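Here is the structure we will look at.
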Amino acid sequence: MNKIVEVVGLSKQFGKVNAIDNVSFTLEEGKIYGLLGRNGAGKTSIMHILTAQLFKTSGEIKVFGEDPYENERVLKQICFIKESQRYPDMFRMEDVLKVSPMFFPNWDRKFANELVELFNLPLKQRIRKLSRGMLSAVGIIVGLASRAPLTIFDEPYLGLDAVARSLFYNKLLEDYAEHPRTIILSTHLIDEVSQLLEHVLVLDRGRLILNEEAEALRGRASKIVGSAAKVEFFLAGKQVIHREPFGGLSSATILGALTAEDRARASELGLEIAPVSLQQMIVHLTGSKSGNKEEAL
Amino acid sequence: MSRVAGIVKTHLTDLWSWAMMPWLILGISFTVNVIIGASVGDKIETGGLSSIYVYMLVLGVGSVGQTFPFLIGFGARRKDYFLGTTATIALIGAGSVILLLILGYVERQTGYWGIELHFFNISYVTDGPLIQKFWVLFSMMLHFFFVGFAISSIYRKFGRDGLFFFFIAFGVAITFAVYLLSVFDRLRAVFDWFVDLTVLGLANGLFLLTLVYVGLSYLLLRKASF
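Going line by line, the protein sequences match chains E and S. For the first sequence, the UniProt record's numbering gives the first residue as 1, with consecutive numbering after it. For the second sequence, the UniProt record's numbering gives the first residue as 1, with consecutive numbering after it.
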């Protein structure tokens, strides 16, 4: 596997705040990555540094084997669709379609036009007059039709309705199957995209706290439900990331795969074992310390 | 190379601001001058032409905010943004100046619009051979554009506070310089120097200054982040 992105010991400070704190990871060719975490966890900063729009404080970073800063070979292979992407005031969708091929060598005109129709975007209207959802659709169209070897979507679907979002997921998967590339999806809607993701990176307050294959992750946490005393008994020696008592019952989320022995013991105790969704797991992992779980993701 | 062309194209998508607005403004200025000239009846030389130059400064200020975040977001190099923007203003500047020279020719041929209105022919500025006229008008156009561009680049790199600080420092520096000149009784000499300056010398000087603005803006935008 080719390494597309290599980050070693990356840190970024804004004044005294550590936005990114000694983060290291590698991204391989032809995979869909999820970059997850709460607001302010450092996701957007990392994506801006990868695309040379923001400067690191320390650490090493290589994209396609080179420093991305002012590097045309690297930059032309990246398409970064950010939530805050700005367009000139006079720009219309048709202008975006005209200019994009000059920046993205793999641009597919036909595919772009098809997407414009699919998302019902008016070609002649000024982009700044579009609704938030339509603005997101513009980004999605550029991101998909650019077919950049490294495509980065930062919260690409703000304001998009459920229909348009699933349209995006379908088109993304469809086109990814035909034209494999490396994709980074940074998002809050973890459950919606969890089926898409092949690898998950979780950031919490600037630190990388999880870096794992999505498949391995899915079986990694389980929820144990039953009478409080029995649950406590079962939990002995396990890594508990969340506890929730209700009445005489208790539910606990534990990290680590359950052995056959564990399962047998649980059923003996009359405990129920439920799977934990990726979203719940990340909520527990990133929200536990601050005690602000509802807002976590 | 296609990316530099993409940057020029992005600028020129806003043809209204780059090519129509300046002529609209100049047209209004001209109309007002015609009305005044017709009622005065004497030969008048006006500074109405300066309106297009002031507009170039405004265009320079506006263009960074309009296109820089967009183009960097689309993966353009900062260097290419510079090349593309310089190419655009050179193109627009040359085109505008050619048009100004043609209008100046028409002005002379029509006996100054029949009312002795010297709008496109201004003594000192448009004296001299054609090529010099072109150079003077062109270098002034680049100069005004890049003054605006440099101001906007300071804002882009250092934000609003940075811009405030810059102008305060600038004001203090000018005040101090004038003070020193008057203390050492050199103010007169500076004025004389300006008076003696030939228009070609002025144009060359402005061009050199423009290069300084370009260099400074480039250094600023190279380090501007998002």
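Glycine included, every Cβ here is placed at the ideal spot set by N, Cα and C. These numbers were taken from a predicted model, which means no experiment stands behind them.
Is residue i near the ligand NAP - that is, is its Cβ less than 6 Å away from at least one heavy atom of it?
i                 : result
Arg265 of chain E : This structure simply doesn't include the ligand NAP, nor any ligand for that matter.
Please report the distance separating the alpha-carbon of residue i from that of residue j.
i                 : j                 : result
His179 of chain E : His48 of chain E  : 25 Å
Phe144 of chain S : Ser217 of chain S : 14 Å
Glu294 of chain E : Ile78 of chain E  : The pLDDT assigned to Glu294 of chain E is 38, lower than 50, so where the model puts this residue is not dependable, and the model offers no usable value.
Thr13 of chain S  : Asp95 of chain E  : 7 Å
His199 of chain E : Ser277 of chain E : 15 Å
Asp154 of chain E : Leu185 of chain E : 6 Å
Pro122 of chain E : Val202 of chain E : 37 Å
Tyr105 of chain S : Val125 of chain S : 15 Å
Arg78 of chain S  : Gly206 of chain E : 28 Å
Phe165 of chain S : Ala150 of chain S : 15 Å
Thr198 of chain S : Thr86 of chain S  : 27 Å
Ala164 of chain E : Gln279 of chain E : 21 Å
Val17 of chain E  : Ile28 of chain S  : 53 Å
Val240 of chain E : Ala264 of chain E : 19 Å
Leu118 of chain E : Asn170 of chain E : 12 Å
Leu217 of chain E : Gly34 of chain E  : 12 Å
Pro101 of chain E : Ser2 of chain S   : 9 Å
Ile102 of chain S : Met56 of chain S  : 20 Å
Gly219 of chain E : Glu268 of chain E : 21 Å
Leu181 of chain S : Ile35 of chain S  : 43 Å
Thr110 of chain S : Phe119 of chain S : 12 Å
Val40 of chain S  : Val138 of chain E : 57 Å
To the nearest whole angstrom, what separates the beta carbons of residue i and residue j, a pair I think is in contact under 8 Å?
i                 : j                 : result
Ile254 of chain E : Ser222 of chain E : 6 Å
Thr151 of chain E : Ile183 of chain E : 5 Å
Leu158 of chain E : Glu83 of chain E  : 6 Å
Gly9 of chain E   : Ser24 of chain E  : 6 Å
Pro149 of chain E : Arg181 of chain E : 5 Å
Gln53 of chain E  : Ile72 of chain S  : 6 Å
Leu36 of chain E  : Thr187 of chain E : 7 Å
Ile89 of chain S  : Leu142 of chain S : 6 Å
Spell out whether any CB of chain E is found under 7 Å from the CB atom of residue i.
i                 : result
Thr210 of chain S : no
Phe138 of chain S : no
Phe226 of chain S : yes
Phe158 of chain S : no
Ser217 of chain S : no
According to DSSP, is residue i part of a helix, a strand, or is it coil?
i                      : result
Glu294 of chain E      : Reliability fails at Glu294 of chain E, whose pLDDT of 38 lies under 50, so the model's placement of it is uncertain and the value that follows must be treated cautiously. Reduced to three states, the DSSP call for Glu294 of chain E is coil.
Glu215 of chain E      : helix
Thr33 of chain E       : Here residue 33 of chain E is Tyr; the residue named in the question, Thr, does not match the sequence. Reduced to three states, the DSSP call for Tyr33 of chain E is strand.
His242 of chain E      : strand
Asn170 of chain E      : helix
Ile35 of chain S       : helix
Gly15 of chain E       : coil
Ser50 of chain S       : helix
Asp21 of chain E       : strand
Gly59 of chain E       : strand
Leu71 of chain S       : helix
Ser84 of chain E       : coil
residue 242 of chain S : Residue 242 of chain S falls outside the range modelled here, since chain S spans only 1 to 226, and no answer is possible.
Ala5 of chain S        : helix
Glu70 of chain E       : coil
Leu27 of chain E       : strand
Val125 of chain S      : coil
Between residue i and chain S, is there a C-beta pair that is closer than 7 Å?
i                      : result
Phe234 of chain E      : no
Met134 of chain E      : no
Ile127 of chain E      : no
Val138 of chain E      : no
Ile78 of chain E       : yes
Phe111 of chain E      : no
Phe103 of chain E      : yes
Val17 of chain E       : no
Glu66 of chain E       : no
Leu130 of chain E      : no
Val193 of chain E      : no
Val63 of chain E       : no
Glu155 of chain E      : no
Glu83 of chain E       : no
residue 385 of chain E : Residue numbering for chain E in the displayed model covers 1 to 297; residue 385 of chain E lies beyond these limits and cannot be assessed.
Glu261 of chain E      : no
Leu75 of chain E       : yes
Arg178 of chain E      : Sequence check: residue 178 of chain E is Glu here, not Arg. Not an interface residue.
Glu212 of chain E      : no
Glu60 of chain E       : no
Query raised in the report: When Cβ atoms are compared, which residues of the segment 73-97 of chain S fall closer than 8 Å to chain E?
Result: Gly73, Phe74, Gly75, Ala76, Arg77, Arg78, Lys79, Asp80
Query raised in the report: Looking at chain S, which residues of the segment 27-55 of chain E have a Cβ within less than 8 Å of any of its Cβ atoms?
Result: His48, Thr51, Gln53, Leu54, Phe55
Query raised in the report: If you measure beta-carbon to beta-carbon, which residues of the segment 3-27 of chain S are closer than 8 Å to chain E?
Result: Arg3, Ala5, Gly6, Lys9, Thr10, Thr13, Asp14, Trp16, Ser17
Query raised in the report: Of the residues that make up the segment 86-97 of chain E, which ones have a beta carbon closer than 8 Å to any beta carbon in chain S?
Result: Arg86, Tyr87, Pro88, Asp89, Met90, Phe91, Asp95
Query - Residues from the segment 49-74 of chain S in contact with chain E, defined by Cβ distance under 7 Å - result: Gln66, Thr67, Pro69, Phe70, Ile72, Gly73, Phe74
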